[in-house]
Amino acid sequence: MVKQFDIKIAIEYEVNLSEPILLASKNLKIKDLSRIKSCKLIKRSLDARKPEIKVNLIYEAFIDEEPSEEFLPFKLQDVSKSKQIHIIGAGPAGLFAALEAIHKGLKPIVFERGKDVRARRRDLAKINKEQIVNPESNYCFGEGGAGTYSDGKLYTRSKKRGDVKRILAGLIQFGADENIAIEAHPHIGTNKLPQIIVEIREAIIKCGGEINFDKKLTNIFYENTSIQAIEINKNKKIEVENLILATGHSARDIFELLNDRKIEIKAKPFALGVRVEHPQELINYIQYHSNFDNELLPPAAYKIVKQVNGKGVYSFCMCPGGIIAPCATAPNEIVTNGWSPSKRNNPYANSGIVVTIEEEDWSAFSKYGALAALKFQEDVEQKMFNSIPNNEGQLAPAQRLIDFVKGRASKDLPKCSYQPGIVPTRLDQVLPAFVANRLRKAFDLFGKSMKGYLTNEAVVVGVESRTSSPVSIPRDRESMQHTQLRNLYPVGEGAGYAGGIVSAAIDGMKAVEKIIKN
Ligand SMILES: Cc1cc2nc3c(=O)[nH]c(=O)nc-3n(C[C@H](O)[C@H](O)[C@H](O)COP(=O)(O)OP(=O)(O)OC[C@H]3O[C@@H](n4cnc5c(N)ncnc54)[C@H](O)[C@@H]3O)c2cc1C
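Going left to right, the sequence shown walks through residues 295 to 812 as the working numbering numbers them.
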């Protein structure tokens, strides 16, 4: 039989815990140790709500039976001569669709507009150091997708527990630390993610799959309800039987292409706001009740949500010990997001703080139809760029948090991790007024529940606008087929069905299952 037990213990005593078998004997009251065939830690979480910080540990023990063999999440087999499946985009959705195809005996052929992770890194250095944005290779485009140079947070609100477990096990299969399956809030870190992506690519190619870089989808040809062929780089036509479209939420040209080709898409609510950065020490102090022992505790995170006039304002993608990243995909716009290395050991804590943008908010752009929300988003990003006189490229507008809340200019700014540089700007005036107002009130409320949060040492940087897609590509709920083109499978964040690495990966994986079923 399999039994679970849990232990709650002050964090400083965790190192003194006995071997798992002995813990099982004590907690399950089994004196004969030979009956306990195996016992291991399966979940670990921190409880920092009170000054005495505790860890919650859940163990699983096999009593009188041997544990089942470790399952291999993705079977790697030769698919070089198998039926083909075409995938656009090598982000989490596209790559896990490719892995699942191989697992199920199909040959994945992936087209990715960007470069492989190593070549891509040089383009990121250019954005940070020379302020040059390559529209095909940046923080959003390239091998591994938008999540490659991220904090690699792997928690998700997805209720599909089995699928989440499989994605985490899959990441471990390709080199991630085994702890990601145990920690309640696992993350991988920017320094480790690229190597995992390389391992995934090499496995796909070794099995006979294909990943083609610098290959952009530029057209789709269809008749009635079926795609016949796709065009790559405006010069190569390829016939396809099924197409998984996993191009992410920043591929504006894809949304425009679908709209032009009269393939149904819809404007959808999305989130927009600012990235706020505090000294990490301050966040540790607030979250750990001034009780921070950096030997025992990880740099503190926070998650906060407040209602302002009946609408939610919330933190998103909080990066402890992180860096604010320039995530624009075109040279004349400013977009922020955040990343952290695996140790989360930078002196800053940043987080997106966003409000939901709804139909009534983008009404000024309604002439663009299904692209109205996207045009609103683009307009705000360009206003950020234009708010800085003679912007050298990726300088971002910023304001001290208190000045933002009080509606006044900042004379100077604190140090900030955003590498291209920040410029004191009335960000509260550059943002749409309703966004600035909601944020202002929310920050005030945040300051009341997290004492010390509302400080002159914090800075807000604009604009956090790519947390979710402003467009959805509608599909049948059950079959995942596009509502109009039956062999098109729109997946992941760009299609509006995922919000993060894990949920995008699950969505890509599921599409393969549906293609086989359909
Ligand atoms: C800096 C940053 C930090 C983040 N941090 C986290 C985090 O810690 N945890 C988390 O869960 N999420 C994080 N996210 C969000 C996460 O990266 C996305 O949710 C996830 O990558 C979405 O996966 P996807 O496969 O749907 O799309 P994407 O990852 O966007 O991948 C789409 C891919 O398609 C390619 N593509 C686009 N158009 C074309 C075309 N026409 N032809 C061919 N290829 C094309 C792109 O180049 C890209 O590689 C972060 C995002 C960023 C930018």
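Even glycine gets a Cβ: it sits at the ideal position worked out from N, Cα and C.
(message) My output table needs one value for Lys605: the three-state DSSP class, helix, strand or coil.
(response) As a first step, residue 605 must be located in the sequence shown, where it is residue number 311. Three-state DSSP puts Lys605 in a strand.
(message) Is Phe586 close to ligand 1? I mean its beta-carbon at under 6 angstroms from any heavy atom of the ligand.
(response) Taking the sequence shown and counting its residues from 1, one reaches residue 586 at position 292. No, the beta carbon of Phe586 sits no closer than 6 angstroms to any heavy atom of ligand 1.
(message) Using C-beta distances below 7 angstroms, list every residue in its chain close to Ser773, excluding the 5 sequence neighbours before and after it, in chain order.
(response) Position 479 of the sequence shown, counted from the first residue, corresponds to residue 773. So the qualifying residues of the chain are Lys808, Asn812.
(request) Return the bridge partner residues of Thr630 from the DSSP annotation. (result) Position 336 of the sequence shown, counting from 1, holds the residue named residue 630. Per DSSP, Pro620.
(message) Going residue by residue through the segment 303–388, where are the continuous alpha helix (DSSP H) segments of at least 4 residues, counting only ones entirely within it?
(response) Taking 4 residues as the shortest admissible run, the segment 303–388 contains the following complete alpha helix (DSSP H) segments, listed from N- to C-terminal end: 314–321.
(request) Would you kindly check if the distance between the Cβ of Ile330 and the Cβ of Ala266 is under 7 angstroms? (result) Here the chain comprises residues numbered 295 to 812, so residue 266 is not present and cannot be evaluated.
(message) On a Cα-Cα basis, can you pick out the residue from Gly388, Asp410, Asp372 that is closest to His397?
(response) For the purposes of this step, residue 397 is taken as residue 103 along the sequence shown, with counting starting at 1. Considering only Gly388, Asp410, Asp372, the residue with the shortest C-alpha distance to His397 is Asp372.
(request) Return yes when the C-beta of Glu675 is under 6 angstroms from any heavy atom of ligand 1, and no when it is not. (result) What you label residue 675 is simply residue 381 of the sequence shown in a count that begins at 1. Answer for Glu675: no, Cβ out of range of ligand 1.
(request) With a threshold of 6 angstroms, establish whether the CB of Trp633 neighbours any heavy atom of ligand 1. (result) Counting from 1 along the sequence shown, the entry for residue 633 is found at position 339. Result yes, Cβ under 6 angstroms from ligand 1.
(request) Leaving out five residues on either side along the sequence, give the residues of the same chain with a beta carbon under 6 angstroms from the beta carbon of Tyr662. (result) Reading the sequence shown from its first residue, position 368 is the one you call residue 662. Closer than 6 angstroms at Cβ, skipping near neighbours: Lys669.
(message) Taking only three categories from DSSP, how would you classify Leu566?
(response) Residue numbering aside, residue 566 sits at position 272 when the sequence shown is read from its first letter. Looking at Leu566 - three-state DSSP - the assignment turns out to be strand.
(message) If we require 4 or more residues per run, which alpha helix (DSSP H) segments fall completely within the segment 436–492?
(response) 455–467
(message) Please classify Leu340 as buried or exposed, where buried requires at least 16 other C-beta atoms within 10 Å of its C-beta.
(response) Residue mapping note: residue 340 aligns to position 46 of the sequence shown, counting from 1. The residue is buried, with at least 16 neighbouring Cβ atoms inside 10 Å.
(message) Could you check if Arg407 belongs to the surroundings of ligand 1, using beta carbon to heavy atom distance under 6 angstroms?
(response) Locating residue 407 in the sequence shown gives position 113, counting from the first residue. Yes; taking the cut-off as 6 angstroms, the Cβ of Arg407 has a heavy atom of ligand 1 nearer than that.
(request) Between the Cα of Glu654 and those of Val796, Ala497, Val309, Ala561, spot the shortest distance and give me the residue it belongs to. (result) What you label residue 654 is simply residue 360 of the sequence shown in a count that begins at 1. When only C-alpha atoms are compared, the closest one is Ala561.
(message) I'd like the list of long-range same chain contacts for Pro620, defined as Cβ closer than 6 angstroms, with 5 residues on each side in sequence excluded.
(response) As a first step, residue 620 is located in the sequence shown; it is residue number 326 there, counting from the start. Answer for Pro620: Ile421, Gln688, Pro714, listed in chain order.
(message) Measuring straight from C-alpha to C-alpha, what distance separates Leu511 and Ile521?
(response) Counting from 1 along the sequence shown, the entry for residue 511 is found at position 217. Counting from 1 along the sequence shown, the entry for residue 521 is found at position 227. Rounded to the nearest angstrom, the two C-alpha atoms are 13 angstroms apart.
(message) Using the three-state DSSP reduction, which class does Asp738 fall into: helix, strand or coil?
(response) In the sequence shown, the residue the question calls residue 738 occupies position 444. Asp738 falls in the helix class under three-state DSSP.
(message) Assuming Arg415 is part of the alpha helix (DSSP H), what are its boundary residues?
(response) Counting from one through the sequence shown, the residue named residue 415 turns up at place 121. Residues 411–419.
(request) Keeping to the same chain, check which residues put their C-beta closer than 8 angstroms to that of Asp417; ignore five residues upstream and five downstream. (result) Position 123 of the sequence shown, counted from the start, is the residue given in the question as residue 417. Once the five neighbours on either side are set aside, the close Cβ partners of Asp417 are Lys409, Asn428, Ser431, Asn432, Gly436.
(message) Following a CB-centred definition, is Gly646 positioned closer than 6 angstroms to any heavy atom of ligand 1?
(response) If you number the sequence shown from 1, residue 646 lands on position 352. Flag unset: Cβ of Gly646 not near ligand 1.
(request) Would you check if the segment 744–754 and the segment 483–502 touch, i.e. whether three or more CB-CB distances between them fall below 8 angstroms? (result) no
(request) Using alpha carbons as the reference points, say which of Cys710, Ile795, Glu517, Asp508 lies closest to Asn529. (result) Along the sequence shown, one-based indexing puts residue 529 at 235. Here the closest residue by C-alpha is Asp508.
(message) Comparing C-alpha positions only, which one of Glu589, Ile628, Gly567, Lys302 sits nearest to Lys637?
(response) By 1-based counting over the sequence shown, the position of residue 637 is 343. Measuring from the Cα of Lys637, the nearest candidate turns out to be Glu589.
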